[in-house]
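Residue numbers (UniProt numbering), protein chains in the order written: chain H, 1 to 241; chain R, 1 to 254.
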């Protein structure tokens, strides 16, 4: 019955504040979620911004191909990414010797693959949107190519911030790939090893632990809301200028 | 001082101009007049050493700018200032815009020290910034954001930005075509001020009255060549080339 979870939740509401969580369960899940997403987004940003600047400012053969590859990457199904990363880190895979199956490092790898295309594409749009005259001005005022690129980056800073935060939004709310490569594992005493907010919610809901799932969901929504509030704030500042 | 000799420049199959020669000396104002789309902007970019001519040479005090290595060309380029038709200010306070030319001329370590010093107060460019803004009458706008300026004020800041690092040559591409008479007058006074500082000024304009007001010499660019170059009064009073005469009389319509 679809009403059943709701009814169960309502009866459980008074006791929501002292849910029988094992000590450290929720906080360790939040920690794993943030750790994996933040590290992956940081690595993606390090790759994406130089790529966006080069694609935005330089002309070379095959530029159109690289752009369409990035756009394709934006729509790439996350479970397929998870599967490919799992193959890569499995014993027979090219990274098999690193023993990364069901580790946070493997999760970071798949999150990196997922977050890089949107961060690159949105940064590229921001860089391409910078007035050509501003770049020319930097050059004729005595700037080198590097100086001009720095000026463009600075002009595009609000768009790039939006790109990074969008990448974080994708990473933190990702389920499929982290489930495949991470395995949704906790230690024997219930502390998360590779369990994230999303995979925990999926598991708790499937086990009928709706209160727990709801609390974890609320934490996840709160995190995403904070990120979105920051995006909107950056976006507004970008528009005002 | 700065000279383009027999330069040719094309975009694809379309030739902008051919075998064109022009020069500017210290402390003179040269107006390049001609109808829109005749290649004035392209010519200024060649003089700014930001585009290479397809043929011919651009020399600065006798040095062929495209025969030397990139580092030397950069040092030549840094003796030139340029102002575009649009202000193209950076998304930053007025002072940061005006000091840009000074900042990029410093080494990376000096720049870093300057940035750190600017956190606690001055990074050592304040005097030059104020002085350049004074020329265009905007010293009181030093700390305002570029986006808060009117179009005319933005263009005046753009002029100050090119003047702040004391270039030897100042190239102005239709600097007043979007401006009202008051802002135009300020820019024209600033041109006179630059000239009095021994800066060689090249103004590309389609406004013949402006050329008459500000220039010592005039070069007339029609189709793909300079039809006439000489002292302002002589060119306007007594043009030698029949097409120049038609253009000045307003009979040559494009």
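Glycine included, C-beta positions come from ideal geometry on N, C-alpha and C.
Keep in mind the model is a prediction, meaning the values are calculated, not measured.
When burial is assigned at 16 or more other CB atoms within 10 Å of the CB, is residue i buried or exposed?
| i | result |
| --- | --- |
| residue 15 of chain H | Note that residue 15 of chain H has pLDDT 47, beneath the 50 cutoff, so the model's placement of it is unreliable and no number is given. |
| residue 168 of chain H | buried |
| residue 76 of chain H | exposed |
| residue 158 of chain R | buried |
| residue 247 of chain R | buried |
| residue 211 of chain H | buried |
| residue 117 of chain R | exposed |
| residue 190 of chain R | buried |
| residue 116 of chain H | buried |
| residue 132 of chain H | exposed |
| residue 149 of chain R | buried |
| residue 71 of chain R | exposed |
| residue 118 of chain H | buried |
| residue 72 of chain H | exposed |
| residue 238 of chain R | exposed |
| residue 182 of chain R | exposed |
| residue 240 of chain H | Low per-residue confidence applies at residue 240 of chain H: pLDDT is 46, beneath 50, and the placement is therefore not dependable, though the value from the model is reported in the following sentence. Exposed is the call here. |
| residue 41 of chain H | buried |
| residue 200 of chain R | buried |
| residue 17 of chain H | Only weak support exists for where residue 17 of chain H lies, its pLDDT of 44 falling under 50; the value from the coordinates is given anyway. Classification of residue 17 of chain H: exposed, given that the 10 Å Cβ count is below 16. |
| residue 91 of chain H | exposed |
| residue 1 of chain H | For residue 1 of chain H, the predicted model reports a pLDDT of 49, less than 50, meaning its position is unreliable and no value from the coordinates is stated. |
| residue 242 of chain R | exposed |
| residue 145 of chain H | exposed |
| residue 23 of chain H | exposed |
| residue 184 of chain R | buried |
| residue 151 of chain R | exposed |
| residue 45 of chain H | buried |
| residue 120 of chain H | buried |
| residue 127 of chain R | exposed |
| residue 2 of chain R | buried |
| residue 147 of chain R | exposed |
| residue 218 of chain H | exposed |
Please name the residue or residues paired with residue i in a DSSP beta bridge.
| i | result |
| --- | --- |
| residue 231 of chain R | R:217 |
| residue 38 of chain R | DSSP output for residue 38 of chain R lists no bridge partner at all. |
| residue 57 of chain R | R:5 |
| residue 206 of chain R | None, per the DSSP bridge assignment. |
| residue 81 of chain R | R:170 |
| residue 31 of chain R | R:203 and R:218 |
| residue 226 of chain R | R:221 |
| residue 244 of chain R | Per DSSP, none; premise fails for residue 244 of chain R. |
| residue 64 of chain R | R:59 |
| residue 175 of chain R | Bridge partners of residue 175 of chain R: none, in fact. |
| residue 181 of chain R | Beta-bridge pairing links residue 181 of chain R to no other residue. |
| residue 93 of chain R | R:145 |
So residue i and residue j are supposed to be a Cβ contact under 8 Å. How far apart are they, rounded?
| i | j | result |
| --- | --- | --- |
| residue 44 of chain R | residue 202 of chain R | 7 Å |
| residue 129 of chain R | residue 164 of chain R | 6 Å |
| residue 155 of chain R | residue 179 of chain R | 6 Å |
| residue 66 of chain H | residue 149 of chain H | That pair is no contact at about 18 Å. |
| residue 180 of chain H | residue 95 of chain H | The pair is not a contact, with the Cβ atoms about 15 Å apart (cut-off 8 Å). |
| residue 42 of chain R | residue 16 of chain R | 5 Å |
| residue 90 of chain R | residue 155 of chain H | 7 Å |
| residue 174 of chain R | residue 85 of chain R | 4 Å |
| residue 32 of chain R | residue 204 of chain R | 5 Å |
| residue 193 of chain H | residue 185 of chain H | 5 Å |
| residue 244 of chain R | residue 220 of chain R | 5 Å |
| residue 18 of chain R | residue 224 of chain R | 5 Å |
| residue 32 of chain H | residue 198 of chain H | The pair is not a contact, with the Cβ atoms about 11 Å apart (cut-off 8 Å). |
| residue 169 of chain R | residue 20 of chain R | That belief does not hold up - the Cβ atoms of residue 169 of chain R and residue 20 of chain R are roughly 17 Å apart, past 8 Å. |
| residue 178 of chain H | residue 110 of chain H | 7 Å |
| residue 35 of chain H | residue 104 of chain H | 7 Å |
| residue 160 of chain R | residue 192 of chain R | With 8 Å as the limit, residue 160 of chain R and residue 192 of chain R do not qualify as a contact, their Cβ atoms being about 15 Å apart. |
| residue 114 of chain R | residue 124 of chain R | 7 Å |
| residue 70 of chain H | residue 123 of chain H | With 8 Å as the limit, residue 70 of chain H and residue 123 of chain H do not qualify as a contact, their Cβ atoms being about 10 Å apart. |
In chain order, each alpha helix (DSSP H) run of at least 4 residues that lies wholly inside the segment 151-238 of chain H: 157-172, 176-182 and 197-206
Given 8 Å as the limit, is there contact between the segment 123-133 of chain H and the segment 77-95 of chain H, that is, 3 or more CB pairs closer than that? no
Inter-stretch contact at 8 Å, needing at least 3 Cβ pairs: the segment 95-107 of chain R / the segment 57-73 of chain R: no
Does the structure place the segment 202-212 of chain H close enough to the segment 50-70 of chain H that three or more beta carbon pairs sit under 8 Å? no
Let me know the alpha helix (DSSP H) ranges lying completely inside the segment 2-29 of chain R, each 4 residues or longer, listed in chain order. none
Which runs of the alpha helix (DSSP H) fall wholly inside the segment 103-137 of chain H and span at least 4 residues, in chain order? 104-128
With three or more C-beta pairs closer than 8 Å as the rule, is the segment 105-121 of chain H touching the segment 169-188 of chain H? yes
With a cut-off of 8 Å, do at least 3 Cβ pairs link the segment 224-236 of chain R to the segment 71-88 of chain R? no
Ignoring anything shorter than 4 residues or poking outside the segment 30-110 of chain H, list the alpha helix (DSSP H) runs there in chain order. 63-74 and 78-89
Sequence ranges, beta strand (DSSP E) only - wholly within the segment 103-159 of chain R, length at least 3: none
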